[in-house]
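Student:
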Amino acid sequence: MAVGRGKNNVLPGFTPALGYTIFYLSLIVLIPLSALFFKTATLTWGDFVAAVTAPRVLASYRVTFGASLAAAVINGFFGVLVAWVLVRYRFPGKKLIDALVDLPFALPTAVAGITLASIYSQNGWLGRYLEPRGIKVAFTPLGIAVAMVFIGLPFVVRTVQPVLEELDQEIEEAASCLGANRWQTFRRVLLPTMLPAILTGFALSFARAVGEYGSIIFIAGNMPMVSEITPLLIITKLEQYDYAGATAIATVMLVVSFFMLLCINLLQKWSRCFAE
């Protein structure tokens with residue numbers, strides 16, 4: 001019997017459920033993406049290449065994707081550490097810290113950007129101590145990475161945390177009884193199980209950082225060729241009524257993001273096969 005066709009099933013039948021699913025995805029995802037590609041197609045190949053390879057655009061790619069990758073790597077490490085502490089230890093204020101992890105989800109991005117810019121500015125709480133030591137964060141590419149780390153950390157923590165909660169500590173005790181030290185236990189027993197979740201959190205953090213706008217523009221400085229992110233450049237072209245140029249740049253970002261997600265999904269598949 002086909003899945004979803006049972007008479008006693010509370011959910012609707014397979015055919016209408018699939019139809020509603022395709023309709024909803026088309027309305028929310030496929031139609032906007034199609035409009036993006038159709039608008040880009042109004043450009044000739046030469047105009048498209050010129051629009052997406054202009055020096056200012058290439059500089060924005062380097063800033064956006066470079067900072068996003070760096071932020072995702074940082075979140076991949078510290079996100080696992082935060083998830084480990086929240087799952088494996090009991091301490092005062094644990095629930096408060098667990099709630100603070102979700103703060104970037106609830107905080108408006110503009111508020112986050114203004115707050116980070118105020119903290120890391122020359123007279124800010126942290127900036128007043130960092131800038132005299134030659135570490136300038138606000139209005140530099142480093143500030144962009146800091147904002148991306150802030151908005152991407154919850155993705156890694158909330159992806160890895162359920163996996164850690166399901167891991168039985170008896171496995172670690174068995175490995176210890178067999179003579180494995182803590183590093184060997186983590187590398188050979190825990191990491192293969194956690195790796196798919198870590199890669200998923202990494203991908204989500206990277207994707208969020210690539211498309212982030214509100215929390216970055218206030219701390220970036222937005223200097224062309226230096227600290228201008230690609231989403232801001234797209235907004236600038238839209239304000240100049242260069243819709244084809246804006247959609248061309250957006251198409252490049254979309255294709256690169258899909259490629260990165262494909263690579264990470266392949267790594268996830270490989271890690272699951274390796275764990276089995």
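Those letters in the sequence shown? Residues 1 to 276, by the UniProt record's numbering. Where a beta carbon is used, it is the ideal one built from N, C-alpha and C, also for glycine.
In the DSSP assignment, find the unbroken alpha helix (DSSP H) run with K94 in it and report its ends.
Tutor: For this step, residue 94 is matched to residue 94 along the sequence shown. 94-101 is the extent of the alpha helix (DSSP H) around K94.
Student: Spatial neighbours of A203 within its chain, please: C-beta separation below 7 Å, excluding the five flanking residues on both sides.
Tutor: Here residue 203 refers to the residue found at position 203 of the sequence shown. Scanning its chain for C-beta atoms nearer than 7 Å, with the 5 sequence neighbours on each side dropped, one finds around A203 the residues L261, I264, in chain order.
Student: Which stretch, first to last residue, makes up the alpha helix (DSSP H) that contains Y213?
Tutor: Along the sequence shown, one-based indexing puts residue 213 at 213. Segment: none, Y213 is in no alpha helix (DSSP H) and carries neither H nor E.
Student: T200 and Q122 - do their beta-carbons sit closer together than 8 Å?
Tutor: Mapped onto the sequence shown, residue 122 falls at position 122. Mapped onto the sequence shown, residue 200 falls at position 200. In this structure, the beta-carbon distance from Q122 to T200 does not fall below 8 Å.
Student: Tell me, please, whether the stretch 113-133 touches the stretch 31-47 by the rule of three or more beta-carbon pairs shorter than 8 Å.
Tutor: no
Student: What does the Cβ neighbour count give for E228, buried or exposed, with the cut at 16 atoms within 10 Å?
Tutor: What you label residue 228 is simply residue 228 of the sequence shown in a count that begins at 1. A residue is called buried once 16 or more other Cβ atoms fall within 10 Å of its Cβ, and E228 is buried on that count.
Student: Report the three-state DSSP secondary structure of S205 (helix, strand or coil).
Tutor: As a working note, residue 205 is residue 205 in the sequence shown. Helix at S205.
Student: My parser needs the alpha helix (DSSP H) runs of 4 or more residues fully inside the stretch 6-53; what are they?
Tutor: 14-25, 31-40, 45-52
Student: At which residues does the alpha helix (DSSP H) containing V137 begin and terminate?
Tutor: In the sequence shown, counting from the first residue as 1, residue 137 sits at position 137. Element bounds for V137: n/a, residue is neither H nor E.
Student: Taking all protein chains shown into account, do 16 or more other C-beta atoms lie within 10 angstroms of the C-beta of G15, making it buried, or fewer, making it exposed?
Tutor: One-based indexing of the sequence shown puts residue 15 at position 15. The sequence shown places Thr at residue 15, rather than the Gly named in the question. Per the 10 Å Cβ criterion, exposed.
Student: Nearest-angstrom Cα distance between F139 and I22?
Tutor: For the purposes of this step, residue 139 is taken as residue 139 along the sequence shown, with counting starting at 1. For the purposes of this step, residue 22 is taken as residue 22 along the sequence shown, with counting starting at 1. Taking the straight line from one Cα to the other gives about 44 Å.
Student: What does the Cβ neighbour count give for F155, buried or exposed, with the cut at 16 atoms within 10 Å?
Tutor: Translated into positions along the sequence shown, residue 155 becomes position 155. It counts as buried.
Student: Can the beta-carbon of V149 be found closer than 8 Å to that of V137?
Tutor: Numbered from 1 along the sequence shown, position 149 holds the residue referred to as residue 149. Numbered from 1 along the sequence shown, position 137 holds the residue referred to as residue 137. No, the pair does not count as a contact, with Cβ atoms beyond the cut-off.
Student: Taking 8 Å as the cut-off, does the stretch 52-64 touch the stretch 228-243 (at least 3 CB pairs, one atom from each stretch)?
Tutor: yes
Student: Using the rule of at least 16 other Cβ atoms within 10 Å of the residue's Cβ for burial, across every protein chain shown, is V3 buried or exposed?
Tutor: On the sequence shown, residue 3 is found 3 positions in, with the first residue counted as 1. Per-residue confidence for V3 stands at a pLDDT of 49, beneath the threshold of 50, marking its modelled position as unreliable; the derived number appears in the next sentence. Looking at its Cβ environment, which holds fewer than 16 other Cβ atoms inside 10 Å, V3 is exposed.
Student: Flag this pair as yes or no: are the beta carbons of A83 and V157 separated by less than 8 Å?
Tutor: What you label residue 83 is simply residue 83 of the sequence shown in a count that begins at 1. What you label residue 157 is simply residue 157 of the sequence shown in a count that begins at 1. In this structure, V157 lies closer than 8 Å to A83 by Cβ.
Student: I219 and G143 look like a contact to me (Cβ under 8 Å); what is the Cβ gap, rounded to whole Å?
Tutor: For this step, residue 219 is matched to residue 219 along the sequence shown. For this step, residue 143 is matched to residue 143 along the sequence shown. Their Cβ separation, rounded to whole angstroms, is 4 Å, which keeps I219 and G143 in contact under 8 Å.
Student: Start and end of the alpha helix (DSSP H) containing N75?
Tutor: Residue 75 sits at position 75 when you count from the first residue of the sequence shown. Segment 55-88, the alpha helix (DSSP H) holding N75.
Student: Within 10 angstroms of the Cβ of W270, are there 16 or more other Cβ atoms? Answer buried if so, exposed if not.
Tutor: Counted from its first residue, the sequence shown places residue 270 at position 270. Residue burial annotation: W270 is exposed, with fewer than 16 other C-beta atoms found within 10 angstroms of its C-beta.
Student: Excluding five sequence neighbours on each side, which residues of the same chain lie with their C-beta closer than 7 Å to the C-beta of S118?
Tutor: Translated into positions along the sequence shown, residue 118 becomes position 118. Correct list, in chain order: G124.
Student: For W125, which three-state DSSP category applies?
Tutor: Residue numbering aside, residue 125 sits at position 125 when the sequence shown is read from its first letter. Residue state, collapsed to three classes: coil.
Student: So, with DSSP's three-state summary, where would you put V226?
Tutor: Locating residue 226 in the sequence shown gives position 226, counting from the first residue. In the three-state scheme derived from DSSP, where H, G and I count as helix and E and B as strand, V226 is classed as coil.
Student: When DSSP labels each residue in this structure, what does A117 get in the three-state scheme?
Tutor: Numbered from its first residue, the sequence shown carries residue 117 at position 117. DSSP places A117 in helix when its eight states are reduced to three.
Student: For F206, I'd like the list of residues in its chain whose CB is within less than 7 Å of its CB, leaving aside the five on either flank, ordered along the chain.
Tutor: The residue you call residue 206 lines up with position 206 of the sequence shown. Result list for F206: S68, L69, A72, M260, in chain order.
Student: Considering only the alpha carbon of each residue, which of V255, P104, T185, K237 lies closest to S215?
Tutor: The residue labelled residue 215 in the question sits at position 215 within the sequence shown. It is P104 whose Cα lies nearest to the Cα of S215.
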